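Chemist: Dropping a structure here in structure tokens format, bear with me for questions.
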Amino acid sequence: MRTRIFIILSAILLLVTIAMEMLLIPSLASAQNKDLIQYSPVFYWHIPVAWVALFAFLCVFIASIAYLWKRTPFWDIVATTSAELGVVFTTFFLLTGSIWAKFAWGTWWAWDARLTSSLVLWIIYIAYFLLRTYISNPEQRARFAAVFGILGFVDVPIVILTLFVSNQMHPGDAAFHLDKPQMIITLVTGVVAFTLLYLGLLFFGIHLREDAYEVSKLKETDGG
Amino acid sequence: MKFWNSVAAIAWKDILSELRTKEIISSVLVFAVLVLVIFNFAFNLAPDLILQIAPGILWVAFAFSGVLSLNRAFIPEKEENCLEGLMGCPVGREAIYVGKALGSLFFMVLVEAVILPVFALLFNIAVLQSGLITVTLLATIGFVAVGTIFSALAVNTRAREMVLPILFLPVVSPVIIAAVKASAISLNGQSWSDMTIWLAIILAFDIIYLTVPFLVFPYVIEE
Amino acid sequence: MDNAGYIVTAFGVVWIGLFIYLFVLVQREKALRKEIAALKEDMKKA
Chain H
0 MRTRIFIILS AILLLVTIAM EMLLIPSLAS AQNKDLIQYS PVFYWHIPVA
50 WVALFAFLCV FIASIAYLWK RTPFWDIVAT TSAELGVVFT TFFLLTGSIW
100 AKFAWGTWWA WDARLTSSLV LWIIYIAYFL LRTYISNPEQ RARFAAVFGI
150 LGFVDVPIVI LTLFVSNQMH PGDAAFHLDK PQMIITLVTG VVAFTLLYLG
200 LLFFGIHLRE DAYEVSKLKE TDGG
Chain D
0 MKFWNSVAAI AWKDILSELR TKEIISSVLV FAVLVLVIFN FAFNLAPDLI
50 LQIAPGILWV AFAFSGVLSL NRAFIPEKEE NCLEGLMGCP VGREAIYVGK
100 ALGSLFFMVL VEAVILPVFA LLFNIAVLQS GLITVTLLAT IGFVAVGTIF
150 SALAVNTRAR EMVLPILFLP VVSPVIIAAV KASAISLNGQ SWSDMTIWLA
200 IILAFDIIYL TVPFLVFPYV IEE
Chain Z
0 MDNAGYIVTA FGVVWIGLFI YLFVLVQREK ALRKEIAALK EDMKKA
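Here the protein sequences line up with chains H, D and Z, keeping their order.
In terms of numbering that gives the first Met the number 0, the first sequence opens at residue 0 and continues consecutively.
In terms of numbering that gives the first Met the number 0, the second sequence opens at residue 0 and continues consecutively.
In terms of numbering that gives the first Met the number 0, the third sequence opens at residue 0 and continues consecutively.
Have a look at this one:
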């Protein structure tokens with residue numbers, strides 16, 4: 000029930016964000032600044048999606064540590080669900096970024112520090128799921144995935160740090176230097192919307208996996 | 000002290016068994032040379048352009064042959080059930096990690112010591128520069144540090160050694176990228192000061208890639 | 000593509016992607032419910 004509220008709320012907020020982006024932002028653009036990324040509506044979705052993806056991987060990191068400490072299936076379930084969401088959101092920010100890059104710079108991709116580290120991040124968490132499929136023993140699967148969840152998180156600070164490296168094709172820390180209040184409000188709404196979406200999907204996913212776990216336990220004891 | 004004695008014993012065990020059979024070294028060396036040769040066919044460049052892609056070729060050769068040699072770190076243990084025997088000894092789990100990593104480091108440095116002159120010959124580039132050697136050594140430490148724990152992980156999965164590159168190369172890619180950049184600076188004859196930022200990055204990763212696996216390795220090989 | 004085209008595509012990709020993901024989750028839930036119902040049947044018989 001709670002998850003449905005989160006998801007519906009976030010959907011509403013997402014629509015609100017789109018409205019704000021389309022109504023408020025283009026009017027701010029003038030001849031001098033129309034090429035600056037913060038005057039583009041896509042900015043106000045791309046950034047929140049990216050931050051939520053990184054937050055999801057932070058949750059994987061924390062849940063992995065918690066699993067190795069407590070050894071309850073719950074933490075493994077949280078880690079897996081959060082990793083899945085992280086991959087989904089990373090796919091979104093890679094795609095929206097690529098579409099925007101084609102429009103703004105005429106190329107779908109560039110091998111600068113930000114894009115490369117983001118692509119590597121995506122591959123790392125896909126590898127997280129590949130690793131899980133290659134292990135049959137559930138306890139070992141959870142344990143190894145937790146180890147990988149901790150090691151793989153190293154790329155996340157790198158992705159964040161590349162924001163502050165200069166001379167990259169991808170714009171840097173523009174998000175931290177917004178000067179117009181309409182921009183700040185739109186961005187914050189976007190972040191809230193996507194965070195709610197993440198939480199809703201996270202609870203939904205955890206709930207599903209917990210039930211699946213119960214079912215598998217029942218099938219074991221029942222003899223199938 | 001006991002820790003370092005165990006580490007030395009484990010590393011020496013690996014080195015000794017390899018020196019007797021020479022299985023890994025021979026196949027890894029041949030593979031590394033093959034990589035260099037294949038790149039020559041793949042690109043067929045004019046001599047002045049070679050310098051631009053030479054660092055990349057070198058590090059692809061090191062990375063792929065490194066994956067091969069890292070695989071051998073734990074496969075024999077798994078096959079002969081030596082790992083259980085090792086864990087039965089009064090050595091800390093962390094000592095197993097450091098010992099294995101040191102053994103792999105030794106082999107990789109050996110391979111690199113042979114490949115660098117071969118590379119110099121095949122591509123007509125001077126490689127005996129302090130800058131390049133420093134970069135290679137530092138980056139190899141990070142490579143081997145994180146590769147050892149992934150090797151232990153991979154060997155316990157159904158796909159075994161096939162899964163090591165998938166798990167390991169994305170995570171170690173920052174080290175390789177920094178190594179290629181620093182090697183390019185060195186081979187182009189630029190000064191050390193240009194290289195310091197990349198060396199600092201490699202060093203930072205070495206520290207992270209030694210610390211985190213050290214803490215987490217016991218969880219990989221527990222019963 | 001002009002400006003509007005790119006924006007629509009970018010938003011569209013995320014919306015469609017989210018709907019697909021939600022659909023996948025709901026399918027998983029349905030499969031789970033079926034399994035639970037089947038298990039309950041088995042337990043009634045036993």
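Quick reminder that beta carbons are idealized off the backbone N, C-alpha and C, glycines included.
Computed from a prediction, not measured in an experiment: that's the story for all the values here.
1) What separation, rounded to the nearest whole angstrom, lies between the Cα atoms of H/D210 and H/I76?
2) Do D/G141 and D/L191 come within 8 Å of each other at the CB atom, strictly closer than that value?
3) Would you tell me roughly how many angstroms separate the C-alpha atoms of H/I184 and H/F54, rounded to the nearest one?
4) Tell me whether the beta-carbon of D/S182 lies closer than 8 Å to the beta-carbon of D/V143.
5) Name, going along the chain, the residues of the segment 158–176 of chain D whose beta-carbon falls closer than 8 Å to a beta-carbon of chain H.
6) Apart from the five residues just before and just after D/L166, which ones in its own chain have a Cβ nearer than 8 Å to its Cβ?
7) Just how far apart, CA to CA, sit H/S63 and H/R131?
8) Cβ atoms of D/P169 and H/A126: under 8 Å apart, would you say?
9) Would the C-beta of H/E213 count as close to the ligand GTP, meaning under 7 Å from any of its heavy atoms?
10) In this structure, how does DSSP classify D/E76 when only helix, strand and coil are distinguished?
11) Taking CB distances under 8 Å as the criterion, tell me whether Z/I6 reaches chain H.
12) By Cβ distance, which residues of its chain are closer than 6 Å to H/I6, with the 5 residues on each side in sequence left out?
13) Could you run through the segment 18–35 of chain Z and flag, in chain order, every residue whose CB is less than 7 Å away from some CB of chain H?
14) Using a cut-off of 8 Å between C-beta atoms, extract the partners of D/Y96 located in chain H.
15) Comparing the C-beta of H/A210 with each C-beta of chain Z, is any distance below 8 Å?
16) Whole angstroms are fine: how far does the CA of D/V113 sit from the CA of D/N155?
17) Output the distance between the C-alpha atoms of Z/K33 and H/V164, rounded to the nearest integer angstrom.
18) What residue ranges within the segment 21–69 of chain D form continuous alpha helix (DSSP H) runs of no fewer than 4 residues, ordered along the chain?
19) Determine the DSSP secondary structure at H/P170, reduced to helix, strand or coil.
20) D/Y96 by DSSP, collapsed to three states: which one?
21) Going by DSSP in three states, H/D75 sits in which element: helix, strand or coil?
22) By the 10 Å Cβ neighbour count, where 16 or more other Cβ atoms means buried, how is D/G98 classified, buried or exposed?
23) Apply the 10 Å Cβ neighbour rule to D/V29 and answer buried if 16 or more other Cβ atoms are within range, or exposed otherwise.
24) Report the neighbours of H/W99 on chain Z: residues whose CB is nearer than 8 Å to its CB, in chain order.
25) Could you tell me the distance, in whole angstroms, from the CA atom of H/Y212 to the CA atom of Z/A37?
26) Using a C-beta to C-beta distance shorter than 8 Å, which residues of chain Z count as neighbours of H/V187?
27) List the whole-angstrom C-beta distance separating D/G91 from D/S5, where the pair is believed to meet the contact cut-off of C-beta under 8 Å.
28) Can you confirm whether D/V219, when its beta carbon is compared against all beta carbons of chain H, has any partner nearer than 8 Å?
29) What do you get for D/E17, buried or exposed, if any count of 16 or more other CB atoms within 10 angstroms of its CB means buried?
30) Indicate whether H/T89 and H/S117 have their beta-carbon atoms separated by less than 8 Å.
31) If I measure Cβ to Cβ from D/I124 and keep anything under 8 Å in the same chain, skipping five residues before and after, which residues do I get?
32) Do H/Y43 and H/L186 have their C-beta atoms closer together than 8 Å?
33) Determine which residues of the segment 145–166 of chain H have a Cβ less than 8 Å from any Cβ of chain D, and write them out in chain order.
34) Quick one: does H/I76 have its CB under 8 Å from some CB of chain Z?
35) For a test of the three-state rule: what should DSSP assign to H/A100, helix, strand or coil?
36) At the level of alpha carbons, what is the spacing between H/W107 and H/F91?
Modeler: Let me lay it out:
1) Going by the C-alpha atoms only, they are around 11 Å apart.
2) Before going on, a small fix: residue 191 of chain D reads as Trp here, not Leu. Not a contact, by the Cβ cut-off of 8 Å.
3) Cα-Cα distance, rounded: 21 Å.
4) No. Outside cutoff.
5) Residues of the segment 158–176 of chain D with a C-beta less than 8 Å from any C-beta of chain H: A158, V162, I165, L166, P169, V170, S172, P173 and I176, listed in chain order.
6) Taken in chain order, the residues that qualify are F149, L152 and A153.
7) Separation of H/S63 and H/R131 (C-alpha to C-alpha, rounded to the nearest whole angstrom) is 13 Å.
8) Yes.
9) This structure lacks the ligand GTP, and indeed carries no ligand of any kind.
10) DSSP places D/E76 in helix when its eight states are reduced to three.
11) So yes, Z/I6 belongs to the interface.
12) Non-local beta-carbon contacts of H/I6 in its own chain, meaning distances under 6 Å to residues more than five positions away in sequence, involve G199 in chain order.
13) Those would be Y20, L24, R27, E28, L31, E34 and I35, in chain order.
14) The premise fails here: D/Y96 is roughly 12 Å from chain H at the closest Cβ pair, so nothing lies under 8 Å.
15) Reading the sequence as shown, one finds Asp at residue 210 of chain H and not Ala. For H/D210, the answer is yes, since a Cβ of chain Z falls inside 8 Å of its Cβ.
16) When the Cα atoms are used, D/N155 and D/V113 turn out to be separated by approximately 31 Å.
17) CA-to-CA, the gap between Z/K33 and H/V164 works out to about 52 Å.
18) Counting only runs of 4 or more, we get 22–42.
19) Note: H/P170 maps to coil in three-state DSSP.
20) DSSP, reduced to helix, strand and coil, places D/Y96 within a helical segment of the structure shown.
21) Correct three-state label for H/D75: helix.
22) Result: buried.
23) By the beta-carbon neighbour count (other beta carbons within 10 angstroms, threshold 16), D/V29 is exposed.
24) Those are Y5 and A9, listed as they occur along chain Z.
25) Rounded to whole angstroms, the gap between the alpha carbons of H/Y212 and Z/A37 is 16 Å.
26) When 8 Å is used as the limit between beta carbons, H/V187 is near no residue of chain Z, the shortest such separation being about 18 Å.
27) Confirmed, about 7 Å.
28) Under the Cβ criterion of 8 Å, D/V219 is counted among the residues facing chain H.
29) Taking a 10 Å sphere around the C-beta of D/E17, we find 16 or more other C-beta atoms and assign the residue as buried.
30) Yes; because the gap between Cβ atoms is below 8 Å, this pair is in contact.
31) Annotation for D/I124: I49, L50, A53, F118 and L186 place their beta carbon closer than 8 Å to its own, counting only its chain and skipping 5 residues before and after.
32) Contact: yes.
33) Only those residues of the segment 145–166 of chain H whose C-beta falls short of 8 Å from the nearest C-beta of chain D are listed: A145, V146, F147, I149, L150, G151, V153, D154 and I157.
34) No Cβ of chain Z is located within less than 8 Å of the beta carbon of H/I76.
35) When DSSP states are grouped into helix, strand and coil, H/A100 belongs to the helix group.
36) Near 14 Å, if we compare the C-alpha coordinates of H/F91 and H/W107.
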